[in-house]
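Numbering (my numbering), first residue to last: 232 to 449.
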């Protein structure tokens with residue numbers, strides 16, 4: 232079916248300011264670096280944006296390389312927390328050096344004055360870029376009120392809604408070409424975005440979820 236994306240979040244590294252800038256991670260691959268063993272975290276990779284990120288990595292790298300990456304995370308004692316919020320909180324309190332989370336959870340900690348900073352990962356010329364994940368909306372075929380559904384969809388996809396979401400606590404990132412508002416986090420136009428085919432990610436979803444469930448929940 233057809234779906235539309237709006238108001239994205241970026242997948243970023245939230246880093247405690249106790250980590251010197253010259254030592255700070257620059258890639259999601261750093262989660263597997265032995266020097267950070269037991270000092271990092273991700274959210275459970277079976278739902279939400281972490282599951283989407285995993286499926287995108289399976290599509291981008293292929294199954295074999297993606298499985299090897301997640302096995303390295305497990306071997307490196309990466310903590311698996313309940314959600315992205317918990318990852319951001321654990322870094323903010325100094326329990327962990329850094330973690331993988333979303334910009335909305337990271338910006339909340341920054342604006343609370345927590346000693347953290349955002350690193351947009353994989354910005355080098357030979358690196359994959361930072362993944363942006365949009366909110367999505369679709370109208371179900373055969374729905375009982377298609378006109379009302381279309382009206383709601385048009386409203387949610389409007390530049391006015393994206394502007395309000397950008398200005399809200401989660402600082403979501405406008406995707407509407409005409410939404411000219413101040414954004415408190417980096418946009419795909421300002422940094423290198425990860426090339427992603429979400430349809431391919433969907434094709435890898437079940438295999439990725441099955442593998443991650445066995446690796447991290449058993």
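Note that the Cβ used here is the ideal one computed from N, Cα and C, for glycine as well.
Just so we're clear, the structure is a prediction, and the values are computed from it rather than from any experiment.
For residue 377, report the span of its alpha helix (DSSP H) as first-last.
377 to 387
Here's the rule: buried if 16 or more other CB atoms are within 10 angstroms of the residue's CB, otherwise exposed. What is residue 432?
buried
Can you list, in chain order, the residues of its chain whose CB lies under 8 Å from that of residue 347, leaving out five sequence neighbours each side?
245, 246, 247, 248, 319, 322, 323, 337, 340 and 341
Per DSSP, residue 247 forms a beta bridge with which residues?
Answer is 347.
Give a yes or no on whether the C-beta atoms belonging to residue 390 and residue 407 are separated by under 7 Å.
Yes, they are a contact pair.
Does the beta-carbon distance from residue 304 to residue 263 come in below 7 Å?
yes
Helix, strand or coil for residue 330 per DSSP?
strand
Where residue 308 and residue 344 are concerned, what is the direct C-alpha to C-alpha distance, given to the nearest angstrom?
28 Å
For residue 368, which beta-bridge partners are listed by DSSP?
235
Just to confirm my understanding: we take residue 402, look at its own chain, exclude 5 residues before and 5 after, and list those with CB closer than 6 Å. What are they?
338, 415 and 416
For residue 235 and residue 366, I'd like the C-alpha separation in whole angstroms.
Each residue's alpha carbon lies about 8 Å from the other.
Based on the DSSP secondary-structure assignment, which residues constitute the bridge partners of residue 361?
424
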